[in-house]
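Chains A and B, in that order, are what the protein sequence lines are. When we follow the working numbering, the leftmost residue of the first sequence carries the number 1, and every step to the right adds one. When we follow the working numbering, the leftmost residue of the second sequence carries the number 1001, and every step to the right adds one. Even glycine gets a Cβ: it sits at the ideal position worked out from N, Cα and C. Take a look at the structure set out below.
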Amino acid sequence: MFAVSQAKQRASQSRWQTLKRHLQHGDVLFRVLTALGALTVFMLIVIIGYELWLNSPLPREKFGWRFLVESEWNPVTQEFGAFPFIFGTLQTSVMALIFAVPVSLGIAIFLAELAPAWLRQPLGFIVELLAAVPSVVYGLWGLFVFIPAFVRPIAELLHTTLGFLPLFTGPVYGPSRLSASLILAIMILPTISAVSRDVLLAIPASQREAALALGATRWEMIWRVLLPYGLSGILGAVILGLGRALGETMAVTMVIGNNLALTASLLHPGYTMASIIANEFAEATYELYIQSLIQIALVLFVVTLVLNSIARVLVWRVARRVPTEVRI
Amino acid sequence: MMWNPAHYQRRKLVNAVMLALCGLATLFAVAPLLWILVYVFQEGGRHLSLQFFTELPTPVGVPGGGVVNAIVGSAIVVGIACALSIPLALVAAMYAAEHPNTPLGVTLRFATDVLSGVPSIVIGIFAYTIIVLPQKQFSAFSGGVALAIIMLPIVLRTTEEMIKLVPRHLREGSLALGASEWKTMLQVTLPAAINGVVTGIMLGVARVAGEAAPMIFTAFGNPFFSTDVNQPIATLPHMIFVYAISPYKDWHAKAWTTALVLVTLVLGLNIVTRLITAWQLKRMGWR
Chain A
1 MFAVSQAKQR ASQSRWQTLK RHLQHGDVLF RVLTALGALT VFMLIVIIGY
51 ELWLNSPLPR EKFGWRFLVE SEWNPVTQEF GAFPFIFGTL QTSVMALIFA
101 VPVSLGIAIF LAELAPAWLR QPLGFIVELL AAVPSVVYGL WGLFVFIPAF
151 VRPIAELLHT TLGFLPLFTG PVYGPSRLSA SLILAIMILP TISAVSRDVL
201 LAIPASQREA ALALGATRWE MIWRVLLPYG LSGILGAVIL GLGRALGETM
251 AVTMVIGNNL ALTASLLHPG YTMASIIANE FAEATYELYI QSLIQIALVL
301 FVVTLVLNSI ARVLVWRVAR RVPTEVRI
Chain B
1001 MMWNPAHYQR RKLVNAVMLA LCGLATLFAV APLLWILVYV FQEGGRHLSL
1051 QFFTELPTPV GVPGGGVVNA IVGSAIVVGI ACALSIPLAL VAAMYAAEHP
1101 NTPLGVTLRF ATDVLSGVPS IVIGIFAYTI IVLPQKQFSA FSGGVALAII
1151 MLPIVLRTTE EMIKLVPRHL REGSLALGAS EWKTMLQVTL PAAINGVVTG
1201 IMLGVARVAG EAAPMIFTAF GNPFFSTDVN QPIATLPHMI FVYAISPYKD
1251 WHAKAWTTAL VLVTLVLGLN IVTRLITAWQ LKRMGWR
């Protein structure tokens, strides 16, 4: 009796041992678990795209590709075309890039090359804090402080001096595409400058020393050696900034004036893809209306996905090139 | 080429001008931050009082009132976001740190980077389609889900970096003593990196606590006090938005005061976190 139970116990024990051995004392489980976690993160992106697609069949049936080029957006007649928003998003984002890129590059150069060592960290920290201010606070500040104190005078000046250009026609409004572009520019400054700074810092010192040894001034070294060397990474930083600008919602919604008119004028109120969703989603009353807004979100998702992928590849290329340089 | 003093002078001048412009550009970035902070503290401080933290919002025209429902609401929504995202972020970060060069590892890194670039409003719509639509009800939970997705890449990436910073000999020592991989990770590597992990979590919290865009169609806002995760709930950033776009002067004033609370919270969290990190890295001698 005793012997039998002992034998049973031994058998079960050895089965347990075998199991433990097979699972390498839990390591197999651990690896499977972490791999599942990793997979979940990737699947999240796929699921987001799939859900947005799944929940917007009506506008695709009714409008097809016309949705992207039609400029009529009228919930009353059930006509939905996203062109004014796509146009507004592109216009404000590109203007924001035009304002932000030179300044961000200046910051990146200053932080990576010029600033004395004791100033680098605090200054970099301050620039990063600019990214930490919530978007809605930018909107509040833009609406009540920045527009009346800064944008309006500039807009009036542009209108009186350059009013003959289509970019600056029409009466001067407070909330406008110009306001949105300027706020966006401030908001994407930290992104572009932080990534470009890291790109500049990744460039080997030998490049700098060689340029200086050949008699270049510091600026010539930066302009003719560092910037071309890190170009693809800096381009990546700019595209990352573009991605942020495209999707930025609250600040833009609050300062752009939300107007459907399709004009080129920067001084006119406009609309972006993100701001139409923020403005009308909670009020959308019927299926087609809601699904049209979801479809705009889908377009925004795909565009930012593609842009971010390109940007990451570009930044990675610089990072990858550096080790080979060191090995030589 | 002949020595040409004029040419040399010009090069030196260009050098000086361009370098000065770079410094000026940096001032350009510092100026808006100061401008925003000064206004938020000046305008917001004017109406700040103790009852702002303890009372419910009042209707237009009624003086007094506070945002206690939004403070509690923000805490609940961010809490849900933490509960959902931190475990997943930690597990995935362990994978990323252990197997950086496997196909899944590269995919994960890429997915993390791409996910951090997805606009928050799109993530809000996603949370709406998977939770609000089937439940036919705006809820604090759906807001938490949206914020969890926004927070995930931030926590994941910081944790991964911090795990990688742990000296190899600690890990190898543990493995050499016969500890299994998971025990090494959970009892040696992760505790050594825990400060960095907490940093990542705090930065993530600071980021999502200020998100208003996804709240519009997930948590939705609620003028009353609520702690029910299946009901609409007020949050600080959404409150600022509602107050700011209203046409009423006294609501504008409340928007500034709410902004003061939010900015103090978010920037405070950022500053404290970074100071602690800098201090710790220095102490550990890792940098």
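Under the three-state reduction of DSSP output, A:Glu248 falls in the coil class, being neither helix nor strand. Cα atoms of A:Leu97 and A:Ile192: separation of roughly 10 angstroms, rounded to the nearest angstrom.
For A:Trp141, the secondary structure class from DSSP, reduced to helix, strand or coil, is helix. Setting aside the 5 residues that flank it on each side, B:Leu1269 is surrounded in the same chain by Met1202, Ala1206, each with a C-beta closer than 6 angstroms to its C-beta; the list follows chain order. The distance from the Cβ of B:Ala1209 to that of B:Ser1116 is about 17 angstroms, inconsistent with a contact at the 8 angstroms cut-off. The continuous alpha helix (DSSP H) containing A:Glu209 extends over residues 205-213. Around the beta carbon of B:His1238, a 10 Å sphere encloses 16 or more other beta carbons of the protein chains shown; the residue is thus reported as buried.
A:Glu79 has A:Asn74 as its beta-bridge partners, per DSSP. Taking the C-beta atoms as reference points, A:Val303 is found no nearer than 8 angstroms to A:Leu262. Between the stretch 1103-1111 of chain B and the stretch 1165-1175 of chain B, the count of C-beta pairs closer than 8 angstroms stays below three; the two stretches do not touch. Between A:Thr89 and A:Thr272, the C-beta spacing is below 8 angstroms. The residues Arg197, Leu200, Leu201, in chain order, have a CB closer than 6 angstroms to that of A:Ala112 in the same chain once the five nearest residues on each side in sequence are set aside.
Per DSSP, the unbroken alpha helix (DSSP H) holding A:Ile276 starts and ends at 273-280. As computed with DSSP, B:Phe1220 is found in a beta bridge with B:Ile1233. In the DSSP assignment, A:Leu130 falls within the alpha helix (DSSP H) that extends over 117-132. DSSP, reduced to helix, strand and coil, places A:Tyr289 within a helical segment of the structure shown.
Taking the CA atoms as reference points, A:Val46 sits about 21 angstroms from A:Val32. A:Leu58 and A:Ala284 have their alpha carbons spaced roughly 14 angstroms apart.
Ranking A:Val172, A:Gly236, A:Leu162 by CA distance to the CA of A:Gly270 puts A:Val172 first. Rounded to the nearest angstrom, the Cβ distance from B:Pro1247 to A:Ala274 is 23 angstroms, too far for a contact under 8 angstroms. Under the Cβ criterion of 8 angstroms, B:Ile1240 is counted among the residues facing chain A.
Judged by DSSP in its simplified three-state form, A:Trp65 adopts coil rather than helix or strand.
Around the beta carbon of A:Leu29, fewer than 16 other beta carbons lie within 10 angstroms, which makes this residue exposed.
In the DSSP annotation of this structure, the continuous segment of the alpha helix (DSSP H) that includes A:Arg218 starts and ends at 218-221. When CB distances to chain B are screened at a threshold of 8 angstroms, the residues of the stretch 187-219 of chain A falling below it are Leu189, Pro190, Ser193, Thr217, Arg218, Trp219, in chain order.
Using beta-carbon distances, A:Ser179 does not count as an interface residue toward chain B, since no partner is under 8 angstroms. Pairing B:Lys1282 with B:Leu1275, the inter-Cα distance amounts to about 11 angstroms. Going by C-alpha positions, A:Ala311 is about 24 angstroms away from A:Pro134. Rounded to the nearest whole angstrom, the CA to CA distance from A:Tyr286 to A:Val299 is 20 angstroms. Within the stretch 20-31 of chain A, Gln24, His25, Gly26, Asp27, Leu29, Phe30, Arg31 place their CB atoms closer than 9 angstroms to a CB of chain B, listed in sequence order.
Here B:His1007 is exposed. Its C-beta has fewer than 16 other C-beta atoms within 10 Å.
Contact between A:Asn258 and B:Thr1129 does not hold, since their C-beta atoms are separated by about 24 angstroms, which reaches or exceeds 8 angstroms. Of the candidates A:Ser181, A:Leu23, A:Gly243, A:Ala194, the residue whose Cα lies closest to the Cα of A:His268 is A:Ser181. Shown here, B:Gln1042 sits in a helix according to DSSP, grouped into three states. Here B:Thr1102 has no same chain residue with a Cβ atom under 8 angstroms from its own Cβ, once five neighbours each way along the sequence are excluded. Closest in C-alpha terms to A:Glu209, from the list A:Val225, A:Ala194, A:Val195, comes A:Val225.
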